[in-house]
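Read the structure below first, then the notes.
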Amino acid sequence: MYTLENEFLRIKVREHGGELREVLDRQDGTQYLWDGNPEYWQYSSPVLFPIVGRVKNNKYRYQGQEYEIPSHGIGRISEYKLAGQTENSITMALDYDEETLKVYPFKFRLEITYRLEGKSVAVHWKVINADEKEMYFSIGAHPALRCPIGGEGRFEDCYLDFPREEASGAYDLAPGCLLKHTKQDFLQGRTLPLNYDLFREDARIVDDLRSDTIMVRSAKTSKAVGIRAAGFPYWGIWSPSQGGAPFICLEPWHGHADYDDFEGEISEKEGIISLAAGKSFEAEYSIVIEG
Numbered sequence: 058m059y060t061l062e063n064e065f066l067r068i069k070v071r072e073h074g075g076e077l078r079e080v081l082d083r084q085d086g087t088q089y090l091w092d093g094n095p096e097y098w099q100y101s102s103p104v105l106f107p108i109v110g111r112v113k114n115n116k117y118r119y120q121g122q123e124y125e126i127p128s129h130g131i132g133r134i135s136e137y138k139l140a141g142q143t144e145n146s147i148t149m150a151l152d153y154d155e156e157t158l159k160v161y162p163f164k165f166r167l168e169i170t171y172r173l174e175g176k177s178v179a180v181h182w183k184v185i186n187a188d189e190k191e192m193y194f195s196i197g198a199h200p201a202l203r204c205p206i207g208g209e210g211r212f213e214d215c216y217l218d219f220p221r222e223e224a225s226g227a228y229d230l231a232p233g234c235l236l237k238h239t240k241q242d243f244l245q246g247r248t249l250p251l252n253y254d255l256f257r258e259d260a261r262i263v264d265d266l267r268s269d270t271i272m273v274r275s276a277k278t279s280k281a282v283g284i285r286a287a288g289f290p291y292w293g294i295w296s297p298s299q300g301g302a303p304f305i306c307l308e309p310w311h312g313h314a315d316y317d318d319f320e321g322e323i324s325e326k327e328g329i330i331s332l333a334a335g336k337s338f339e340a341e342y343s344i345v346i347e348g
């Protein structure tokens, strides 16, 4: 586990999954990130790579060959290495190997840089195509923000706050969390009161948010925590459907799960990123804290 601190925050990052495991307010001890207690969910902030969500029957096709890959890919279950550290940042790296090539037939390097900026944590991804052919992938975030904030009140006392007026529909889900082509009304206006019943059919997935920031707020505290992510075409919003979990996941994505009727190759998948040989793709989001 690696630790990084500034005047306001302490963060911890582990080699497994290259995952952020703690965001702590050094001034009052408030923990803003779920600690990965498996009672509810064993992760804190996994990176989803090279797929987001599920592919149909956990299998996808590339150049006529079929590959099997777990939900959300291999990025969150692989061992990363420390690739660099400065006074305010730490970079973890995952390189392809013989095992990754069995489930994902592309040579790649994934770098995740965590950077402290005052009371925010910037998370920067760099995906490098180390192959001699076009590479196809998705990448997404899955940070679990503690809710209620600082343990003040209940989950139902919290709400999501959007800086812009929203009129968004969430995709209907098929078995296995595949997407249907239909949507249901989900968000109207600038706030969404939270309750566990929202997630009885699993995550709510949207592709038409106007806002690039979602904040978790509560009438019980002046503190707030959220995600700022400009340029991400999809968002997932999730808490475990059984209820009781003291966190909410706000997930900016480049890509999404298969549609339930998708039969094409990975290169034809909606939202997939195509990256030329030797080129790189970069994206960034931030965990932002108020109060």
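When you number the sequence shown by the numbering used here, it's gap-free, plus one each residue, and the end is 348. Every residue gets a Cβ at the ideal spot worked out from N, C-alpha and C, and that includes glycine.
- Bridge partners of residue 171 according to DSSP: 147 and 180.
- Looking from the CA of residue 254, the closest CA among 61, 77, 301 and 161 belongs to 301.
- Secondary structure note for residue 222: it is in no alpha helix (DSSP H), and the uninterrupted beta strand (DSSP E) holding it is 215 to 231.
- Distance from the CA of residue 61 to the CA of residue 329, rounded to the nearest whole angstrom, comes to 33 Å.
- Taking the Cα of residue 248 as reference, the smallest distance to any Cα among 271, 325 and 238 is reached at 271.
- Taking 8 Å as the upper bound for CB-CB distance, residue 263 and residue 243 are in contact here, some 7 Å apart.
- A distance below 7 Å between beta-carbons, with the five flanking residues on each side excluded, links residue 225 to the following residues of its chain, in chain order: 243, 244, 263, 265 and 266.
- With contacts defined by Cβ atoms closer than 8 Å, residue 81 and residue 105 do not form a contacting pair.
- Of 334, 96 and 137, the smallest CA-CA separation from residue 73 is found for 137.
- Under DSSP, residue 186 shares a beta bridge with 165.
- Per DSSP, residue 155 is one residue of the alpha helix (DSSP H) stretching across 155 to 160.
- Pairing residue 346 with residue 173 gives a Cβ-Cβ distance that is not under 8 Å.
- Residue 218 has its alpha-carbon roughly 13 Å from the corresponding atom of residue 279.
- Sequence-distant partners of residue 210 (beyond 5 residues in either direction) whose C-beta falls short of 7 Å from its own C-beta, in its chain, are 275 and 277.
- Between the alpha carbons of residue 289 and residue 342 lies a gap of roughly 9 Å.
- Looking at the DSSP output, residue 251 bridges to nothing.
- Under the three-state reduction of DSSP output, residue 211 falls in the coil class, being neither helix nor strand.
- For residue 232, same chain residues with a beta-carbon under 6 Å away, outside a window of 5 residues either side, do not exist.
- When only Cα atoms are considered, residue 295 and residue 260 end up about 5 Å apart.
- Under the DSSP assignment, residue 196 falls in the beta strand (DSSP E) whose first and last residues are 196 to 198.
- Taken atom to atom, the span from the alpha-carbon of residue 186 to that of residue 165 is near 5 Å.
- DSSP, read as helix, strand or coil, puts residue 204 in coil.
- Assignment of residue 319 by DSSP, reduced to helix, strand and coil, places it in the coil class.
- Of the candidates 78, 220, 152 and 162, 162 places its Cα closest to the Cα of residue 190.
- DSSP places residue 246 within a strand segment (E or B) once states are collapsed to three.
- Looking from the CA of residue 313, the closest CA among 332, 234 and 305 belongs to 234.
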